[in-house]
Amino acid sequence: MKKILLTASIAALMTSTAMAATIGVSVARFDDNGLTVMRNGMTEHAKTIDGLDLQVEDATDDVAKQLDQINNFVASGVDAIIINAVDTNATEAMSRAAADAGVPLVYVNRQPINMDSLPENQAFVASNEIESGTLAAFRMCQDLRAQGKSGGARAYMLMGQLSNQAAVQRSKDFEDVIGMDMCNFITLIDKQTAEWSRDKAQDLMTNWISSGEEFDAVFGNNDEMAIGAIQAMKAAGISMDDVVVGGVDATQDALVAMKAGEMDVTVFQDLAGQGAGSIDTALKLANGEEVDQTVFIPFKLVTPENIDDFL
Amino acid sequence: MADSQDGIGGLVFDKSKRTWPNEINVFVALILIIVIFEALGAMIMGQSFLFDSKDRFDSVFNEARLKIIILQVSIIGIIALGVTQVIITGGIDLSSGSVVGVTAMIAMSFAQVSEVNGIPNPKAVFGPGLMDLPILVPILVGLGCGLFAGLVNGFMVAYTKIPPFIATLGMMVSARGAAKWWTSGRPVSFPTEEYASIGAGMMPVIIFVTLAILFYFVMKYTVYGKHTYAIGSNEDAARMSGINVTRHKVLVYSIAGMLAGISAIVLTSKNLTAQSGMGIIYELDAIAMAVIGGVSLSGGRGSIVGTVIGALIFGVIISGFTFLRLDAYYQEMVKGGIIVGAVVLDQWRQRRAAARV
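Okay, here's the thing in structure tokens:
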């Protein structure tokens, strides 16, 4: 009798521990709006999965700290690691650390530089930044044509932190689009970085306005900077009907600005979807299943026509 | 009848040995930098930096540029006024930026408007009962936050005697954590119209200049000001002459904390949002403004006027780079060089002046 009870209880314990999994997550920064949406998407999704223990750490924009966090996760015996890279050029070392320890690794939201040569049990879930800038720039080009400015239009570009691949790629997308035959009536007057910040963007735009150059369009690598530029233009008495303003992210603030007719274009990045997708992929890798090593979640263009889908 | 030049005991006032106030040095540096940008502007851009070469304004100056030069440094300038006083007492405050961050989040949560363009506020932190509050509430909350942080800093420095660097470093880290914790990193936006008017237009400049004038008089003509310099020059002598050093230090750090709180209110009002990452590096910029303005990190020397000129130098540099369309990569490198250069210039002139005496 005792033996039966003993084996039954051990079996029960084993099944419950077999269900439980721990995933260690390192997010580049906790105080970035977009990444907060992603992080919250992850924690929400994790709640719906039985027995999943999610441990989320803040890498505070420190590359070295992030590598330490990986080593800490490995030491505490997690089943999988999810990394939102601080610096997408430093991912080789991170991949190697995880591969050496035999722990599955999933990169989320920021494209690792070793994307095409990831080890067997590693994957990458994000959106392709080539889409984001291109969608926004293309639509801005169409809007300018519709305004009758195909004879010549001038634009300013506010860039994000230049150490982020997203900033570099989105800026390149914009310049590629205005280099195409269809859109080369647009000239870029100047491009400067406002470090993703609304306040810096506001001051930068005010500086540009003070130089007295005529302009027709403003593109911000993210919504925060586009909103800052809008605030500056409004303070200077420039009508938002005369300027085409574009951003990326489709944050709540941006959607409100679009409803008010101030912002013309933005692009929705399904960050919560990326977060949830990365958890599912990590669990599959931890269970030894086959996965697609690169999963791209598409960006969606948001304009006054389809804004209600996103509110 | 004694000649007006004869003093007591045969001392004579020698006019040739008159020394300039230190602020002149900084002012000269400011003029020098402006001249350099004008020259570069004429050579590279064919335009003037400060003057209205395109005749867009009524006056001879490019009014828009003059305005943005001071507007973009006003918010950090407010912090610099407090940091100046702290450094003059021989201490330092590394927490200003983080205090701005946490104050921004908390104060903005009390300044929420209930309806945005007809839809309920999507960013509301508290329930409907705490929206559309009178403007005094978020202002007092913000001041209270800054004051609290300053008090903690002051008590730690004055009573536990740990170095101000460490005490304020601890506050810097903790306050930033608190800023992120408040709404789990989510930004807070959409304040009421009244709150938005605090930082609208040139208000940040008006607030900065008013506070600068206030603290100029405080530092120069009140007992508080004199005690601040005394503690910085020689703390032991100050204590022995009856100054309550502990209480004064708590006061100085509290004022610095409150000024950081005011800065946060103006910042969130200007941007109509509060983000947990606001204020990063502000403390270093504020310290740089003070140091360029002639404040000595060993204490006892410096002035509000110098700090204001230091702030203007920052503003000129930022606008100058954008004016010249200088590549973003070069800007930070050159800015560091200018900061060091301005301080070297100031030190050299002071040594020359001391040698002449």
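Protein chains in written order, with the numbering used here: chain A, 730 to 1040; chain B, 806 to 1162.
Don't be surprised by glycine CBs; every beta carbon is placed ideally from N, CA and C.
Only a predicted model underlies this, so the values are computations on that prediction, with no experimental measurement involved.
Based on Cα-Cα distance, which residue from the options lies nearest to residue i?
i, options, result
"D1021/A", "P1027/A, K1013/A and F1028/A", "K1013/A"
"V754/A", "R927/A, G1004/A, N857/A and F903/A", "G1004/A"
"K1075/B", "D932/A, D945/A, I967/A and K1029/A", "D932/A"
"I944/B", "N922/B, K966/B, P927/B and M910/B", "M910/B"
"T1051/B", "G1104/B, M961/B, L1102/B and T1073/B", "M961/B"
"V888/B", "M1094/B, R1156/B, I1118/B and G1146/B", "M1094/B"
"L1000/A", "K731/A, E773/A, I733/A and K732/A", "E773/A"
"R868/A", "A946/A, E849/A, I778/A and M954/A", "A946/A"
"A972/B", "S900/B, F1020/B, P992/B and L1019/B", "S900/B"
"Q840/A", "R927/A, S1007/A, G1017/A and K878/A", "S1007/A"
"E784/A", "T777/A, F802/A and S856/A", "Checking the sequence shown, residue 784/A turns out to be Gln, not Glu. For Q784/A, the nearest C-alpha among the options comes from F802/A."
"S979/B", "Q852/B, T988/B, A954/B and G1047/B", "A954/B"
"S846/A", "N857/A, A865/A, S824/A and V832/A", "S824/A"
Taking C-beta to C-beta, are residue i and residue j nearer than 8 Å?
i, j, result
"Q894/A", "T817/A", "yes"
"L1077/B", "S994/B", "yes"
"D898/B", "N958/B", "yes"
"T1010/A", "A852/A", "yes"
"V974/A", "V854/A", "no"
"G951/B", "V904/B", "yes"
"L1102/B", "I875/B", "no"
"K988/A", "N867/B", "no"
"Q795/A", "V815/A", "yes"
"A809/A", "V835/A", "yes"
"G1066/B", "T908/B", "yes"
"T935/A", "D902/A", "no"
"N762/A", "P996/B", "no"
"M992/A", "A961/A", "no"
"Y1021/B", "I884/B", "no"
"I839/B", "F856/B", "no"
"V1100/B", "L835/B", "no"
Buried or exposed: residue i, going by 16 or more other Cβ atoms within 10 Å of its Cβ?
i, result
"Y1210/B", "This structure leaves residue 1210/B out entirely; chain B is present only between 806 and 1162."
"I1144/B", "buried"
"N827/B", "buried"
"A827/A", "buried"
"P1009/B", "buried"
"G906/B", "buried"
"A916/B", "buried"
"Y1026/B", "exposed"
"T746/A", "The pLDDT assigned to T746/A is 43, lower than 50, so where the model puts this residue is not dependable; a value taken from the coordinates is nonetheless given after this. Per the 10 Å Cβ criterion, exposed."
"S1059/B", "buried"
"D970/A", "exposed"
"D829/A", "exposed"
"F970/B", "exposed"
"K859/B", "exposed"
"W986/B", "exposed"
"Q981/A", "buried"
"W1153/B", "exposed"
"E920/B", "exposed"
"A882/A", "buried"
"E943/A", "exposed"
"M806/B", "Because M806/B carries a pLDDT of 48, less than 50, the predicted location of this residue cannot be relied on, and the following value inherits that uncertainty. M806/B should be labelled exposed."
"A804/A", "exposed"
"A1042/B", "exposed"
"T744/A", "Residue placement at T744/A is flagged as unreliable, the pLDDT there being 47, under the threshold of 50; the coordinate-derived value follows with that caveat. Exposed, because fewer than 16 other Cβ atoms sit within 10 Å of the Cβ of T744/A."
"K929/A", "buried"
"L1089/B", "exposed"
"N843/A", "buried"
"T1127/B", "buried"
"N1035/A", "exposed"
Kindly identify the DSSP beta-bridge partner or partners of residue i.
i, result
"I1046/A", "Residue 1046/A cannot be examined here, being either before or after the span of chain A that is shown, 730 to 1040."
"V754/A", "V785/A and I811/A"
"Y1000/B", "According to DSSP, which records beta bridges pairwise, Y1000/B is partnered with nothing at all."
"V1031/A", "T995/A"
"G949/A", "L887/A"
"Q921/A", "L887/A"
"Y836/A", "I812/A and F853/A"
"V1024/A", "V854/A"
"S994/B", "T1078/B"
Segments of 3+ residues assigned as beta strand (DSSP E) that fall wholly inside the region 956–980 of chain A: 973–975
Along the chain, which unbroken stretches of the alpha helix (DSSP H) at least 4 residues long are found entirely within the region 918–985 of chain B? 941–964
For the region 816–886 of chain B, list the beta strand (DSSP E) runs that are entirely contained and at least 3 residues long, ordered along the chain. none
Ordered list of alpha helix (DSSP H) runs contained in the region 1074–1123 of chain B, each at least 4 residues: 1087–1097
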